Amino acid sequence: MSILDQFKQITTFVFDMDGVLTDGTVYVLDSGQYRRMNIKDGFALQLAIKKGYRVAVISGSVSDPAVQRLQKLGIQDIFMGVKDKKAHLQHYMQQHQLQKGEVLMMGDDIPDYEVMQTVGMACAPADAAMEIRELAHYISGAPGGMGCVRDVIEKVLKLNDHWDLHTNTASL
0 MSILDQFKQI
10 TTFVFDMDGV
20 LTDGTVYVLD
30 SGQYRRMNIK
40 DGFALQLAIK
50 KGYRVAVISG
60 SVSDPAVQRL
70 QKLGIQDIFM
80 GVKDKKAHLQ
90 HYMQQHQLQK
100 GEVLMMGDDI
110 PDYEVMQTVG
120 MACAPADAAM
130 EIRELAHYIS
140 GAPGGMGCVR
150 DVIEKVLKLN
160 DHWDLHTNTA
170 SL
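Number 20 in numbering that gives the first Met the number 0 belongs to position 21 of the sequence shown; there are no gaps in the numbering.
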């Protein structure tokens with residue numbers, strides 16, 4: 000099966016937080032920690048949800064501002080502070096009756112290694128750890144937090160004729 004055929008089968012996107020949805024930078028300030036996210040990734044996330052795709056975030060980190068941002072984008076399946084990502088994703092897939100080939104997972108570092116082996120389409124940002132890039136079926140040309148999420152969502156939506164330039168995504 001070609002890589003494009005694999006992308007075309009995707010119905011569910013699963014993303015790690017730090018290093019995928021963010022650039023991996025954590026600003027440590029007196030008032031708290033802050034992460035940087037990409038507006039173009041946000042557009043693609045909203046569009047995927049509006050087109051009926053399932054989107055989930057599974058992260059070992061915990062960040063209330065990041066959760067608020069993801070909720071604003073329409074993501075309901077947000078799992079933070081997850082210790083065993085693989086078991087969590089396997090349960091999620093069973094709960095929603097998802098087949099391996101329907102699920103795309105994008106991770107960037109060693110904590111994502113095992114969970115990425117449970118999906119049909121393992122993806123990585125350009126700046127992912129070497130072990131993750133070696134495991135990935137697809138490596139985005141964009142680094143984490145800089146459009147890698149948009150890259151994979153756009154591919155899936157375009158292959159399925161769901162990349163609609165007239166969809167209102169005003170809540171970005």
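Heads up, the beta-carbon is just placed ideally off N, CA and C, and yes, glycines get one too.
As the structure is a computational prediction, the values presented were derived from the model and not from experiment.
Buried or exposed, going by whether 16 or more other CB atoms sit within 10 Å of the CB of residue 35? For the purposes of this step, residue 35 is taken as the residue at position 36 of the sequence shown. Of the other Cβ atoms in all chains shown, fewer than 16 fall within 10 Å of the Cβ of residue 35; this residue is therefore exposed.
How many Å lie between residue 9 and residue 32 at the Cα? For the purposes of this step, residue 9 is taken as the residue at position 10 of the sequence shown. For the purposes of this step, residue 32 is taken as the residue at position 33 of the sequence shown. Cα to Cα, residue 9 sits roughly 34 Å from residue 32.
Is it true that the CB of residue 164 sits closer than 9 Å to the CB of residue 50? Within the sequence shown, the letter at position 51 stands for residue 50. Within the sequence shown, the letter at position 165 stands for residue 164. No. Outside cutoff.
Reference residue 107, options 161, 45, 145, closest by Cα: The residue you call residue 107 lines up with position 108 of the sequence shown. The candidate whose alpha carbon is nearest that of residue 107 is 145.
Exposure label - residue 28; buried when at least 16 CB within 10 Å: The residue given as residue 28 occupies position 29 in the sequence shown. With fewer than 16 Cβ atoms within 10 Å of its Cβ, residue 28 is classed as exposed.
Excluding the 5 residues flanking residue 121 on each side, which residues of the same chain have their C-beta closer than 7 Å to its C-beta? Along the sequence shown, one-based indexing puts residue 121 at 122. Around residue 121: 104, 115, 134, 135, 136.
Tell me which residues share the same chain as residue 7 and place their Cβ nearer than 8 Å to its Cβ, disregarding the 5 neighbours each side in the sequence. Taking the first residue of the sequence shown as 1, we reach residue 7 at position 8. The residues are 155, 158, 159.
For residue 135, the three-state DSSP class (helix, strand or coil): One-based indexing of the sequence shown puts residue 135 at position 136. The answer is coil: DSSP assigns residue 135 none of H, G, I, E or B.
Mind checking residue 4: buried by the 16 CB within 10 Å criterion, or exposed? On the sequence shown, residue 4 is found 5 positions in, with the first residue counted as 1. Residue 4 should be labelled exposed.
Near residue 131, what residues of its chain come up, given a Cβ to Cβ distance below 8 Å and the 5 sequence neighbours on each side ignored? Against the sequence shown, residue 131 aligns to sequence position 132. Hits under 8 Å: 106, 107, 108, 109, 111, 112, 115, 123.
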